[in-house]
Amino acid sequence: MGTYMDVHRGMVGITADQLNEAHAADLAIEKDEGVHFQQAWADPGSGTVYCLSTGPSAEAVQRIHERTGHAADEIHEVTLSV
Numbered sequence: 087m088g089t090y091m092d093v094h095r096g097m098v099g100i101t102a103d104q105l106n107e108a109h110a111a112d113l114a115i116e117k118d119e120g121v122h123f124q125q126a127w128a129d130p131g132s133g134t135v136y137c138l139s140t141g142p143s144a145e146a147v148q149r150i151h152e153r154t155g156h157a158a159d160e161i162h163e164v165t166l167s168v
């Protein structure tokens, strides 16, 4: 299992309710790809959203995001943490 940080752009003005709704949509189907979305953060001013997840691959993470209508612009595997 890898750990992934993904970035979504273009979500200017996103609200807490909208972020929660998008996160809940991912959680509802994450098991289909063996992914677990742990947390999401947003900066409404810049429109940037970040998601932290674990799963078998970046592609599996992206497939869940695509199915829920918010594909990631970038997905980075996090291989080192302290």
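Quick note on the working numbering: the sequence shown kicks off at 87 and runs consecutively.
From the three backbone atoms N, C-alpha and C, an ideal C-beta is built for every residue, glycine too.
| Check | Outcome |
| --- | --- |
| Euclidean distance between Cα positions of His109 and Gly155 | 11 angstroms |
| Beta-carbon gap between Val98 and Gly133 smaller than 8 angstroms | yes |
| Span of the alpha helix (DSSP H), counted from its first residue to its last, around Asp129 | Element bounds for Asp129: not the alpha helix (DSSP H) but the beta strand (DSSP E), His122 to Asp129. |
| Which residues DSSP lists as bridging Glu163, in chain order | Tyr90 |
| Rounded straight-line distance, which links the Cα of Thr140 to that of Phe123 | 7 angstroms |
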